[in-house]
């Protein structure tokens, strides 16, 4: 049985003007969006500073922090009050205290796993999380090819916490989104395929239609 899968556009930018343009391009057709923030340390590139991040009030924002020390961002996260905040298991500090602070403020928490991270090695984070993000791309960069071998982590995560929401981030596009939808995911984050499309709304609808198809995945 295929789960209900959501296509979630991602926003990644290093300047205020481009960030606003990305927001405006997708605001007409989506309400759940993932916003990526990097620190130039955990990820090689640096995005717009988190203090300059904003989103429309009617959005359900997932904040994905690709940063080494998430605890340094807690005050700003609390002010922004995203629906979900995703932190990386590979950060340089224990995530559990930050998870607890965010949960106490009513913010759902997620843990992202880089391609080299085995789920069993971060079981404590998966058990504490509301969302697990299977990261299959390159930190701080949109586009590129999806590492489909990362789908092998999905049943491992499900066995640890069957009810957890599982997302995918990295190289999702019209050629592979149907296969990803059949891999027992809940959320497929899409960056370049939507951001670089001449008609983002049309591309979004094509992706939604593709994951709704039944039958053999080619």
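Numbering (my numbering), first residue to last: 1 to 218.
Positions of the beta carbon are idealized from the N, C-alpha and C atoms, including for glycine.
The model shown is predicted, which means the values in this text are computed figures rather than measured ones.
Cβ pair residue 145, residue 106 closer than 9 Å: Taking the first residue of the chain shown as position 1, residue 145 is located at position 145. Taking the first residue of the chain shown as position 1, residue 106 is located at position 106. No, Cβ-Cβ distance for residue 145 and residue 106 is not below 9 Å.
Test item: CB-CB of residue 221 and residue 195 under 9 Å: A query on residue 221 cannot be resolved here, the shown segment of the chain reaching from 1 to 218 and no further.
Classification of residue 212 by the beta-carbon crowding that lies within 10 angstroms, buried from 16 upward: The residue you call residue 212 lines up with position 212 of the chain shown. Burial call: exposed.
Spatial distance of residue 61 from residue 104 (CA atoms): The sequence position of residue 61 within the chain shown is 61, counting from 1. The sequence position of residue 104 within the chain shown is 104, counting from 1. Answer to the nearest angstrom: the Cα atoms are 18 Å apart.
Cβ shell of residue 187 (< 6 Å), same chain only, five flanking positions each side left out: Here residue 187 is taken as the residue at index 187 of the chain shown, counted from 1. Once the five neighbours on either side are set aside, the close Cβ partners of residue 187 are 6, 8, 167.
Residue range of the unbroken beta strand (DSSP E) whose run includes residue 66: Locating residue 66 in the chain shown gives position 66, where the first residue counts as 1. Counting along the chain, the beta strand (DSSP E) containing residue 66 begins and ends at 60 to 66.
Which residues DSSP lists as bridging residue 178, in chain order: Translated into positions along the chain shown, residue 178 becomes position 178. Per DSSP, none; premise fails for residue 178.
CB of residue 86 within 9 Å of CB of residue 124, strictly: Here the question's residue 86 lines up with position 86 in the chain shown. Here the question's residue 124 lines up with position 124 in the chain shown. Their beta carbons are not under 9 Å apart, which means residue 86 does not touch residue 124 by this criterion.
Residue 225 burial status per 10 Å Cβ neighbour count (16 or more: buried): Here the chain covers residues 1 to 218 and nothing more, so residue 225 does not appear.
Given residue 119 as reference, the closest of 205, 130, 134, 109 once Cα atoms are compared: Against the chain shown, residue 119 aligns to sequence position 119. Comparing Cα-Cα distances from residue 119 to each of 205, 130, 134, 109, the minimum goes to 134.
Endpoints, beta strand (DSSP E) assigned at residue 43: For the purposes of this step, residue 43 is taken as the residue at position 43 of the chain shown. That residue, residue 43, is in no beta strand (DSSP E); it is neither H nor E in DSSP.
Sequence-distant residues of the same chain with beta carbon closer than 6 Å to residue 138, five excluded per side: Working through the chain shown from its first residue, we reach residue 138 at position 138. The residues are 144.
Integer-rounded CB distance, given that residue 76 should sit under 8 Å from residue 221: Absent from the structure is residue 221, since the part of the chain shown begins at 1 and ends at 218.
Assigned exposure category for residue 66 - 16 Cβ within 10 Å defines buried: In the chain shown, the residue the question calls residue 66 occupies position 66. By the 10 Å Cβ count, residue 66 comes out buried.
Residue 165 - partner residues in DSSP beta bridges: Taking the first residue of the chain shown as 1, we reach residue 165 at position 165. Per DSSP, 131.
Environment of residue 79 [buried if 16+ CB atoms lie within 10 Å]: For the purposes of this step, residue 79 is identified with residue 79 of the chain shown, where counting begins at 1. Its Cβ having fewer than 16 others within 10 Å, residue 79 is exposed.
Reference residue 224; option with closest CA among 154, 45, 95, 32: Given a span of 1 to 218 for the chain in the structure shown, any question on residue 224 remains unanswerable.
N-terminal and C-terminal residue of the alpha helix (DSSP H) that residue 74 is part of: For the purposes of this step, residue 74 is identified with residue 74 of the chain shown, where counting begins at 1. Its alpha helix (DSSP H) spans residues 74 to 80.
Where residue 31 falls: helix, strand or coil (DSSP): Counting from 1 along the chain shown, the entry for residue 31 is found at position 31. DSSP places residue 31 in coil when its eight states are reduced to three.
Pick from 178, 126, 18 that is closest to residue 156, judged by C-alpha positions: In the chain shown, counting from the first residue as 1, residue 156 sits at position 156. Closest by alpha carbon: 126.
Supposed contact pair residue 132 and residue 101 - C-beta distance, whole angstroms, cut 8 Å: On the chain shown, position 101 is the one that residue 101 refers to. On the chain shown, position 132 is the one that residue 132 refers to. Actually they are not in contact, since the Cβ atoms of residue 101 and residue 132 sit about 19 Å apart, beyond 8 Å.
Sub-9 Å separation of residue 154 and residue 130 beta-carbons: Taking the chain shown and counting its residues from 1, one reaches residue 154 at position 154. Taking the chain shown and counting its residues from 1, one reaches residue 130 at position 130. No.
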